[in-house]
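Residue numbers (this note's numbering), protein chains in the order written: chain D, 1 to 279; chain Y, 1001 to 1279; chain C, 2001 to 2279; chain A, 3001 to 3279.
4 protein chains.
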Amino acid sequence: YGKNTIKFLRLHKEGKKHFVKEVEVCAHLRLTSPQEYLEGNNSLVIPTDTIKNIVLVLAKKNGIPSLEQFAIDICNHFMTTFCQVAYVKTYVQEVPWQRLHEDGVPHIHSFICVPDGIRFCEAEQCRNGPLIVFAGIKDLKLMKTTQSGFEGFYKNEHTTLPERHDRILCGELFCKWSYGECKDFDFDCIWKKIRECILEAFAGPPDCGEYSPSYQKTVNCIQMLVLSRVSQVQVIEVVLNNTFYNVVDMKNLGLSNDKEVLVPVEAPYGSCACTLGRK
Amino acid sequence: YGKNTIKFLRLHKEGKKHFVKEVEVCAHLRLTSPQEYLEGNNSLVIPTDTIKNIVLVLAKKNGIPSLEQFAIDICNHFMTTFCQVAYVKTYVQEVPWQRLHEDGVPHIHSFICVPDGIRFCEAEQCRNGPLIVFAGIKDLKLMKTTQSGFEGFYKNEHTTLPERHDRILCGELFCKWSYGECKDFDFDCIWKKIRECILEAFAGPPDCGEYSPSYQKTVNCIQMLVLSRVSQVQVIEVVLNNTFYNVVDMKNLGLSNDKEVLVPVEAPYGSCACTLGRK
Amino acid sequence: YGKNTIKFLRLHKEGKKHFVKEVEVCAHLRLTSPQEYLEGNNSLVIPTDTIKNIVLVLAKKNGIPSLEQFAIDICNHFMTTFCQVAYVKTYVQEVPWQRLHEDGVPHIHSFICVPDGIRFCEAEQCRNGPLIVFAGIKDLKLMKTTQSGFEGFYKNEHTTLPERHDRILCGELFCKWSYGECKDFDFDCIWKKIRECILEAFAGPPDCGEYSPSYQKTVNCIQMLVLSRVSQVQVIEVVLNNTFYNVVDMKNLGLSNDKEVLVPVEAPYGSCACTLGRK
Amino acid sequence: YGKNTIKFLRLHKEGKKHFVKEVEVCAHLRLTSPQEYLEGNNSLVIPTDTIKNIVLVLAKKNGIPSLEQFAIDICNHFMTTFCQVAYVKTYVQEVPWQRLHEDGVPHIHSFICVPDGIRFCEAEQCRNGPLIVFAGIKDLKLMKTTQSGFEGFYKNEHTTLPERHDRILCGELFCKWSYGECKDFDFDCIWKKIRECILEAFAGPPDCGEYSPSYQKTVNCIQMLVLSRVSQVQVIEVVLNNTFYNVVDMKNLGLSNDKEVLVPVEAPYGSCACTLGRK
């Protein structure tokens, strides 16, 4: 198969107000015949340069109504235009430009980059198969400074980790979910709702939080809340890349340290992941 | 000289509410004698490990009231404790954790990382010299999609750039300023005010913006506004790393493109910088 | 499942001569029951910290005879020690330290890091299934400045790429292959032989090279040569991340440019990949 | 001032044999008047795009005889062509392509990237001042597994580091030196000689090494050897970014560990630097 990455910016005006979407598009294609590999016969090969042109032309003609719709448009174009394409997958990722505000007033043409979780989506289709749409968020860094522990784990002669009932839970989240038949979805609205679910399940109620007995359980809580609140989601995958913090032992410096000063532990570096679907 | 980098997290509670600061501290030391270099005599050398301990002990004892105060505390400690230190500089940079909000309600112990410009500061002192404090913001990515051009520049036989009066202005800002004698400054409040000045000077009024004839002039506007609004700032340095966008030529694809689809240009990559002080 | 990354260095002496291996080990585990996710029951969970200890203890006891043998040792340990483990995969990657030479004389205890392709391997096992071993090389950057073209590709109204019969072929290679039943393999020797095959297939004969009609065909040549020369390889996957170079058009600077000055093209960025096995 | 980065590849043939240099050039310019900053008057500004064209034209016309000569050529061009330029600095860095060998036979047109230390240089000139040339090597990672210690350092109540007489010394080297009047220098030859001095001073004799009492002393040894062996070097700066390794304590795992298994310590991360010139 072949893969191409294209970055570009789509600018759009309504009166004097500007709207901007900067995206990175990655298109994977697999052809019906591997003759370009086996025989060096390029007659069915769609050059990277042509794929780039198609993506830019679609952006020019249709705009980017939502990341998901744009990914669907690209898939459809390749499937309907090129009979030699057996499979197409398009990945679209957004540069997180947000409108700038001055004293609460939105600016008509200025933007600031706020990377507090990156939105992405995928559309995928095999010839004669259904078009499947995924969406997700990545690079979302979250921390809770209490209401987290890790106890009752398996122990043997290689165990040196003490049990802890009040540690810091910190990590980088990757979430990706699939939609079922996605007729007339408001993708932007659903995505925002899911992001809120993720934050709520991670943090718990604002006034007291909710105890997490492990990274794994927190992963599951996120999945359960999204599945229960957002009916359009069929399957959800969550990966939590953990950052561990150790309370610094200050005894030989003559000081106590009641979880006040902690250092991030670079290694071992862990992650846990789970994929959960509806029955 | 020697340099050390330490990352840690300082947690602080007021009742059930948690406050978190995660910082990266870098301490530069120069000793009065270079004997450890020339003779391999280590008797005056303060090991990296000791420096780490000192920074953590200070964080434990004093907390991190502000980045600047913490940098000052470290400088003072080294100058008063070690007579072999001829010069000390401490750099402190913040991991941009922000309190999480659910439906507008702040969470008591959960945080999200929002890297829309990283705050840092420096405190620097030579023995018998004044303590100088710098503060700054880096990795601040801004874009304005109109009200920017570049015309009337110098031309010769190597010039191929056309003049443009409506281009995209996009870049990554680095700003660093020095304070004068900093008695009783509210460093957090001043920093926020300066950040607002930077955004305002970059973007112009929310309803119409302000025309920028060059990256250089925008750099100067930022400096002028900060110096005029914030009396504590003595000198301000601004570096703007430019990202250029080219309007895609779609003529041979049979389409016009009225600044709707643009691609970022990786090379040449430019930056402009200027340092401006008060008379 | 869970995943952990550990970095460490294993030092070994024969007389006064030192041998060093620095590796990054990543262990993936899947348990027979997902109860830690669903119920927050940690009783079967093997903490990251324990996994780290096991890896370090195995390195201490057995050393690292080869990356592959070390990966196999870890797999075996987890399968035989923990009945709750349903699946284990270990990935081992080497930091490319090479013995330093002075005027051709090898140094007994000094090393230099030479990252001209990174060696890695994987061992993988499901409970009651066979242990499968993979090996590979990544981040191997190669270039040939002639004997490469791209012609006869598919064309339509979105095609703007000209045909070229003398372009630069440059890319970053990732190769990964699987071994069959690996009794008494000399993994180090086989790996070196495969690396030589890759370079030979990419470059062709030293005095004239061999024409490549596409990145895809070069990928296939590498696979064919490895499979024909190295009987232990069962399946080989090759990914070639292309770097395109454009000849700079210097006409409006009054100069011709006969493929003398070229600039790398950042976007579109492409890659091609293929997996090939024996019949 | 303004700064620009350009990446390109210069290809050159002698008969059927190809020679390739890929470089990154960064040009800093300061103009005689800051009017583009203060007044938005661009009439003296040399656009990034023009600078790019000049660098490419020089590469086409002169080739890249050595990095240093190319940097000198660019400086000279700007000083003689543009009277508004008050200061110019050019930095040139090489992509470390090496000719591929098959069974010891050099390939006529294939290359492999071997980043075991990156070569760079700088040429710098103020109007009416001398042209100064610097050269250097960076990202050179070296390790010695014995003949290194750290003892007799300054101790107080914050000291927790034990004295060690047999530790691992590992780091990333940055070296930069200046040449005096550089008439007819063979820059390639001198650079190779200095690289050999660095390796020799770091490692000591191949059969026994040489004891290093500190990172600082090793820095000084490198400087002393280069200054004594290479008369063209006037001043040499060395920065050594240390990677510390801790012997893993395996007592509570029931094992001794005689410097056999070590883990890299991410923080504190230190570096030491020194600049040394001739009397």
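For each residue, glycine too, the CB sits at the ideal point set by N, CA and C.
Within the stretch 1238–1254 of chain Y, the residues whose Cβ lies closer than 9 angstroms to some Cβ of chain C are Asn1252, Leu1253 and Gly1254, listed in chain order. Between Gly1254 (chain Y) and Val2248 (chain C), the alpha-carbon positions lie close to 25 angstroms from each other. The straight-line gap separating the alpha-carbon atoms of Thr80 (chain D) and Tyr87 (chain D) is approximately 12 angstroms. When secondary structure is reduced to three states using DSSP, Cys1197 (chain Y) falls in the helix class. The residue from C:Gln2232, C:Gly2104, C:Gln2084 and C:Val2226 with its alpha-carbon nearest to that of Cys2175 (chain C) is C:Val2226. The beta carbon of Ala71 (chain D) sits closer than 6 angstroms to the beta carbons of Thr90, Val92, Cys121 and Ala123 from its chain, once the five residues preceding and following it are set aside; these are given in chain order. Look at Val2105 (chain C) here: in three-state DSSP terms it is strand. With respect to the 7 angstroms criterion, Gly2270 (chain C) and Asn2242 (chain C) are classified as neighbours on the basis of their beta carbons. Within 7 angstroms of the CB of Thr90 (chain D), no CB atom of chain C is found; the nearest one sits about 14 angstroms away. Taking a Cβ-Cβ threshold of 9 angstroms, the residues of chain C close to Glu1266 (chain Y) are Pro2264, Val2265, Glu2266 and Ala2267, in chain order.
The alpha helix (DSSP H) runs of length 4 or more contained entirely in the stretch 3113–3140 of chain A do not exist; there are none. Taking Asn1257 (chain Y) as the centre and dropping the five residues before and after it, the same chain places the C-beta of Val1247, Val1248, Asp1249 and Met1250 closer than 8 angstroms to its C-beta, in chain order. DSSP, reduced to helix, strand and coil, places Tyr1215 (chain Y) within a helical segment of the structure shown. For Ser2033 (chain C), no Cβ of chain D is located within less than 7 angstroms of the residue's own Cβ.
In this chain, His1158 (chain Y) is not harboured by any beta strand (DSSP E), its DSSP state being neither H nor E.
If the five residues before and after Glu1151 (chain Y) are omitted, its C-beta is found closer than 8 angstroms to the C-beta atoms of Glu1163, Arg1164, His1165 and Pro1213, all from its own chain and listed in chain order. Put simply, the CB of Thr3050 (chain A) is far from chain D, with every gap to its CB atoms at 7 angstroms or more. Within the stretch 3138–3166 of chain A, the residues whose Cβ lies closer than 9 angstroms to some Cβ of chain D are Glu3157, His3158 and Thr3160, listed in chain order.
Going by DSSP, Glu3036 (chain A) is part of the alpha helix (DSSP H) stretching over Gln3035 to Leu3038. The DSSP-derived three-state label of Thr146 (chain D) is coil. In chain order, Val1133 place their CB closer than 6 angstroms to the CB of Cys1182 (chain Y), counting only its own chain and leaving out the 5 sequence neighbours on each side. Nearest to Lys61 (chain D) by alpha-carbon distance, out of D:His12, D:Glu36, D:Cys272 and D:Leu31, is D:His12. Remark: C-beta atoms of Leu1031 (chain Y) and Leu1044 (chain Y) approach each other more closely than 7 angstroms. Distance from the CA atom of Cys1170 (chain Y) to the CA atom of Cys2113 (chain C), rounded to whole angstroms, is 38 angstroms. The C-beta of Lys1016 (chain Y) has fewer than 16 other C-beta atoms within 10 Å across all chains shown, which makes the residue exposed. Close to Ser2271 (chain C), with beta-carbon spacing below 8 angstroms, lies no residue of chain A; the smallest spacing is near 17 angstroms.
Between Thr1005 (chain Y) and Glu1024 (chain Y), the beta carbon gap of about 6 angstroms places them in contact (Cβ cut-off 8 angstroms).
Counting only Cβ-Cβ distances below 7 angstroms, Asn2257 (chain C) has contacts in chain A at Lys3060, in chain order. Around the CB of Glu3014 (chain A), fewer than 16 other CB atoms lie within 10 Å, so the residue is classed as exposed. A residue is called buried once 16 or more other Cβ atoms fall within 10 Å of its Cβ, and Gln1098 (chain Y), having fewer, is exposed. The C-beta distance from Leu2199 (chain C) to Glu3102 (chain A) rounds to 7 angstroms, short enough to meet the 8 angstroms contact threshold. Between Ala1059 (chain Y) and Val261 (chain D), the C-beta spacing is below 7 angstroms.
The alpha-carbon separation between Ile3194 (chain A) and Thr3275 (chain A) amounts to approximately 16 angstroms. Contact between Gly209 (chain D) and Ile1108 (chain Y) holds: their C-beta atoms lie close to 7 angstroms from each other, under 8 angstroms. Straight across, the Cα-Cα distance linking Cys2189 (chain C) with Thr2146 (chain C) is about 31 angstroms. Cβ-Cβ distances below 6 angstroms link Pro130 (chain D) to nothing in the same chain once the five nearest sequence neighbours on each side are left out.
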